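Going line by line, the protein sequences match chains U and E.
Just so you know, we're using our numbering here: the first sequence kicks off at 1 and counts up by one.
Just so you know, we're using our numbering here: the second sequence kicks off at 1001 and counts up by one.
Just so you know, even glycine gets a beta-carbon here, dropped at the ideal spot from N, CA and C.
Bear in mind the structure is a predicted one, so any value in this text is a computation, not a measurement.
Take a look at the structure set out below.
Protein chains: 2
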Amino acid sequence: MDDDTGALPAKSDFSAWFNDLLWRAEIMDVRYPVKGLYVWYPYGFAIRKFVYQRLRDLLDRDHQETLFPLLIPEQEFMKEAEHIKGFEDEVYWVTHGGTTPLDVKLALRPTSETAIYPMYALWVRSHADLPMKYYQIVNTFRYETKQTRPLIRLREITSFMESHTVHATWDEAEAQVEYELALTREFYDGFCIPIIISKRPDWDKFPGADYTIAVDAIMPNGKTLQIGTVHHLGTHFSKTFSITYEDKNGEQQLANQTCYGISERSIAALISLHGDDKGLILPPAAAPIQAVIIPITIGKRHEDVMAAAQKLEKDLTAAGFRVKLDTREMRPGAKYYWWELRGVPLRLELGPRDLDAGQIMVVTRTGEKSPIELATAPDGVKTVLGDITEAIRTRAEDHTRSHLSYVATMDGLNAALDAGKVAVVHWCQDRGCGDAIEEKTNASILGTDVRSEYITDTEGTCIACGKRGKATLVGRAY
Amino acid sequence: MDDDTGALPAKSDFSAWFNDLLWRAEIMDVRYPVKGLYVWYPYGFAIRKFVYQRLRDLLDRDHQETLFPLLIPEQEFMKEAEHIKGFEDEVYWVTHGGTTPLDVKLALRPTSETAIYPMYALWVRSHADLPMKYYQIVNTFRYETKQTRPLIRLREITSFMESHTVHATWDEAEAQVEYELALTREFYDGFCIPIIISKRPDWDKFPGADYTIAVDAIMPNGKTLQIGTVHHLGTHFSKTFSITYEDKNGEQQLANQTCYGISERSIAALISLHGDDKGLILPPAAAPIQAVIIPITIGKRHEDVMAAAQKLEKDLTAAGFRVKLDTREMRPGAKYYWWELRGVPLRLELGPRDLDAGQIMVVTRTGEKSPIELATAPDGVKTVLGDITEAIRTRAEDHTRSHLSYVATMDGLNAALDAGKVAVVHWCQDRGCGDAIEEKTNASILGTDVRSEYITDTEGTCIACGKRGKATLVGRAY
């Protein structure tokens, strides 16, 4: 959309690289005239579409999609005390319609418990109505006072998937938490994003939850990004909003609930983990264009090559691939640069010599180059797309593994964090020790009960007090 | 979701029927505690999904989807004078973040010209950037002071498709208006909804447009529902927002623009036009479930029938139909009632005798009953779904045709409108005559330049003054 002036900063300068890449690759325009609000360019939106379609497909296995209003009346929003405490400073309030002051102030949802649960109170009647599993994908709003960042810290979260389930018992809700964690793992695995699951400490759980399980990714600079949370709400909200059901004995019982969220931070992780100094690298599952065909035409063979390129585009499209034939009047090198920046997984080069040899030269965005047969191009492309998916996954796994560091002393902890690592320590789960760790390191206790294939150690000596402790993630978080 | 207490009002009592059907068929819950805001039930949302997927598919032929912020800063919103006048009374204002008053008030978009066009000013540089054709599907807000109605008159329009195109010349923008009208016709034709296209009178055009072409449907009670508008914006907004391009001679030119909208009123029309006293009737293209299989099992043949029903479900699903096998422990009659209410186009009854005869009894939601062969069920279902689509289309066309009435006198006009018709009159296009017609009839001049296969008459004597006039639609509008 804009002139490609200058070059993309190196990825080692992660913040600059990220901000610059967003507009150069036409993901988001950050020039919207309100802090914390950004515009999705068509190319960015197309990536969003594939990411959220996958999320919908996974959820639709056993959830149903719904849509609740954005505006929440003040009296509903103010019902649940812990929840208010967690959100009251960052809620946007609508106070006027035209020039008329509203009788009741309306909150822009920061999350939708207080919009949805008054309706659940009407919908849930009997044990036969349970479990109830609905989700919505909506815009939500937070008046962030910290520094805002596109896709990461927003005043309008444009793409918030929030699932809200209702169950008869606490144990059934717990099983749902586990189900949704497995779903989250499957979701991210499709985009080659390694995740680490842990239980947030009590002081960092969702306001109104029994407990919060969070999903983090380790970003290129070693900071962690929370890219999903699942909350066991117990009966906190069902008490407040009177969500009760008649059990088999005809008695009224409080329902147990979970809620679960994923936002466009999923796309921030996708972009950040896989990209390189040349730009985006998109796993085929998220790529609006999976293969770009670059005809290399010289003189009188122009028509032959163009005809073959068009047939190739047709064959690959018919086989279900997302393909683009780039016929613009530009040097091939400029086209390579253009599509590399935009992360297209495969470049298919087709020139007169390739045509004579009955082949296409396939160049993957991760740098491998090999010919495939023109006659069986769909099979060849399928194989190479599988290869690049695995290459992207391996790179992301290596990155994640190499950014985790076991640490046994408080001094070692600061050194590891300063070196851009996420630390695995042992912690006794005492709040005092937790505060000591966080204050000394200017980092956060991310969580205990860590689930990661990279972390096998589970128990040891608390890094702060020396008592028995559990494996705990400590990191600097976005 | 709720007890099915009482019966659905007759469709002849349209308002009561519509409101009642929405919750009985689980389209929308109207009990959300803010006026004008409603909740989409999963079933309603599934219908929305098919309707909007079709709209996206049509638009994606030559538009690209984007997403712009909801919140518009006051100074941008207040830039275009006519636009402000059109919307200022119905804009919701966000004035506080937490307890902090905002420096700049933020409008909830009532439509997005003032959010999008400042960005277009940055994006459009040269004639090579044009045409630019983007759309988004978003929630928009209007502080309606009139009576609100679900899907029809909302304070949160949850599903507003707005397209915004930029062109070099006025003529190219006009051609785009025509393109989008053809697209709208194709969209509605897929759901068997007859539309009437006309040019709104000047006093009723979009604030800031050169002209507005509107798309209306005639509802069961004879009122018209505006279910789409395409606006030629000329250079009104490009002047205000400095959207200019460098032409081939290197000179700066003001761009010409169009905008175009379709909302969930499309679903209001779908429900209202096709439904009957028993409930919804969904055209197959919009039906979340296109065929429901009702096994009729008695005694020892239970397992045979269930096995055949399961195989049938599998075969039809594999053939690409949206099918549900209803195995609930309910009487068949209660199931029939349930699915009729929800508008499922086909009911497939399968009992022991059908099994012996190698057939299924197919009952369409419009009342036709015929057997198809079990062995070739996918072919049979395909045929009958085609038949019911045509039956639904014919019913809607008959309804529309029979609710149009040619009227030559002012007295006749009131009589026709009171009889629930939309009138076709001749009007000289003088504002005074227009006012006289509207005041005398408590109706609106909907438009001139009428495009409808039902209206062939084009010129005649103005119903108010007797001068030469053009065919004009007059109706009572939602």
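Through-space distance from residue 1167 of chain E to residue 34 of chain U, alpha-carbon basis: One C-alpha to the other measures close to 27 Å.
With DSSP as the reference, please indicate the residues paired to residue 288 of chain U in a beta bridge. None; residue 288 of chain U has no bridge partner.
### N-terminal and C-terminal residue of the alpha helix (DSSP H) that residue 1177 of chain E is part of
1170–1190 is the span of the alpha helix (DSSP H), which, as asked, contains residue 1177 of chain E.
- Query: What does a CB cutoff of less than 7 Å around residue 1428 of chain E pick up in its chain, not counting 5 residues either side in sequence?
  - Reply: These residues qualify, in order along the chain: 1462, 1465, 1467, 1468, 1469.
- prompt: Do you know whose CA, among U:471, U:205, U:307, lies nearest residue 452 of chain U's CA?
  reply: Considering only alpha carbons, the answer is U:471.
Give the interface partners of residue 1120 of chain E over in chain U, defined as CB-CB distance under 9 Å, in chain order.
Within chain U, no residue comes near residue 1120 of chain E; the closest Cβ sits about 10 Å away, beyond 9 Å.
- request: State the Cα-Cα distance for the pair residue 85 of chain U and residue 207 of chain U, rounded to the nearest angstrom.
  value: Whole-angstrom Cα-Cα distance: 7 Å.
What is the residue span of the beta strand (DSSP E) that residue 1460 of chain E lies within?
-> Counting along the chain, the beta strand (DSSP E) containing residue 1460 of chain E begins and ends at 1459–1461.
inquiry  = List, in chain order, every chain U residue whose beta-carbon is nearer than 8 Å to that of residue 1068 of chain E.
reply    = The contacting residues are 32, 39, 40.
**Report entry** Beta-carbon contacts of residue 325 of chain U that lie in its chain and below 6 Å, excluding the five residues immediately before and after
**Finding:** The residues are 293, 309, 313.
By the three-class DSSP mapping on this structure, what secondary structure does residue 3 of chain U have? Because residue 3 of chain U sits at a pLDDT of 48, beneath the cut-off of 50, its placement in the model cannot be relied upon, and the following sentence gives the value as read from the coordinates. Looking at residue 3 of chain U - three-state DSSP - the assignment turns out to be coil, as it is neither helix nor strand.
- Using a Cβ-Cβ cut-off of 9 Å, state whether residue 1166 of chain E counts as contacting chain U. Closer than 9 Å: no.
Interface residues of chain U facing residue 1064 of chain E [CB-CB closer than 7 Å]: The answer, in chain order, is 42.
Fill in: Cβ of residue 1093 of chain E within 9 Å of any chain U Cβ
By this cut-off, residue 1093 of chain E is an interface position.
Notebook entry, point to check: How close, in whole Å, do the beta carbons of residue 118 of chain U and residue 87 of chain U come, if the pair is a contact with beta carbons under 8 Å?
Noted result: Taking the Cβ atoms as the reference, residue 118 of chain U lies roughly 17 Å from residue 87 of chain U, outside the contact range of under 8 Å.
Item checked: For residue 106 of chain U and residue 95 of chain U, the rounded distance between their alpha carbons -> In this structure, the CA atom of residue 95 of chain U is about 7 Å from the CA atom of residue 106 of chain U.
Q: Would you please verify whether the beta carbon of residue 155 of chain U is less than 9 Å from any beta carbon of chain E?
A: Yes, because at least one Cβ of chain E sits closer than 9 Å to the Cβ of residue 155 of chain U.
Going by beta carbon distance, what residues of the same chain come within less than 6 Å of residue 281 of chain U, once the five residues before and after it are set aside? These residues qualify, in order along the chain: 274, 275, 343, 365.
Margin query: For residue 306 of chain U and residue 355 of chain U, I'd like the C-alpha separation in whole angstroms.
Written below: Cα atoms of residue 306 of chain U and residue 355 of chain U: separation of roughly 11 Å, rounded to the nearest angstrom.
With a Cβ-Cβ cutoff of 9 Å, do residue 1079 of chain E and residue 1187 of chain E count as a contact? Not in contact: residue 1079 of chain E and residue 1187 of chain E (Cβ atoms no closer than 9 Å).
Do residue 1378 of chain E and residue 1319 of chain E have their CB atoms nearer than 9 Å?
-> Closer than 9 Å, so yes.
Inset, instruction - For residue 1330 of chain E, count neighbouring C-beta atoms within 10 Å of its own C-beta (all shown protein chains included) and say buried if the count is 16 or more, exposed if not. - result: Exposed, since its Cβ has fewer than 16 Cβ neighbours within 10 Å.
- prompt: Starting from residue 1399 of chain E and walking both ways along the alpha helix (DSSP H), at which residues does that stretch end?
  reply: Per DSSP, the unbroken alpha helix (DSSP H) holding residue 1399 of chain E starts and ends at 1377–1402.
Would residue 1256 of chain E be called buried (16 or more neighbouring beta carbons within 10 Å of its own) or exposed?
Here residue 1256 of chain E is buried. Its C-beta has 16 or more other C-beta atoms within 10 Å.
Original post:
Cβ of residue 1339 of chain E less than 9 Å from any chain U Cβ?
Top reply: So, not an interface residue.
Going by the DSSP bridge assignment, what does residue 134 of chain U pair with across the sheet? Partner(s): U:64, U:164.
In three-state DSSP terms, what is residue 11 of chain U?
Coil, per DSSP.
Checklist entry - Smallest Cα separation from residue 32 of chain U: which of U:148, U:315, U:249, U:245? => result When the alpha-carbon of residue 32 of chain U is set against those of U:148, U:315, U:249, U:245, the nearest one is in U:148.
Any 3 or more C-beta pairs closer than 8 Å across the segment 1263–1274 of chain E and the segment 1230–1244 of chain E: A contact is defined here as three or more CB-CB pairs under 8 Å, and the segment 1263–1274 of chain E fails this definition with respect to the segment 1230–1244 of chain E.
Could you say if the segment 1218–1231 of chain E and the segment 1416–1431 of chain E meet the contact criterion of at least three C-beta pairs nearer than 8 Å? With a cut-off of 8 Å, the segment 1416–1431 of chain E and the segment 1218–1231 of chain E count as touching, because enough Cβ pairs lie within range.
task: Kindly indicate which three-state DSSP category residue 464 of chain U falls into: helix, strand or coil?
output: Per DSSP, reduced to three states, the secondary structure at residue 464 of chain U is coil, with no helix or strand assignment.
Contact with chain E by residue 90 of chain U, beta-carbon distance below 9 Å
Yes - at least one Cβ of chain E is within 9 Å of the one on residue 90 of chain U.
ask   = Buried or exposed: where does residue 456 of chain U fall if 16 or more other Cβ atoms within 10 Å of its Cβ makes it buried?
value = Burial call: exposed.
- Does any CB atom of chain E fall closer than 9 Å to the CB of residue 19 of chain U? With 9 Å as the cut-off, residue 19 of chain U does not count as an interface residue toward chain E.
State buried or exposed for residue 1475 of chain E, treating a residue as buried only when at least 16 other CB atoms are found within 10 Å of its CB.
Residue 1475 of chain E counts as buried, since at least 16 other C-beta atoms from the protein chains shown sit within 10 angstroms of its C-beta.
Helix, strand or coil: which one does DSSP assign to residue 38 of chain U?
Note: residue 38 of chain U maps to coil in three-state DSSP.
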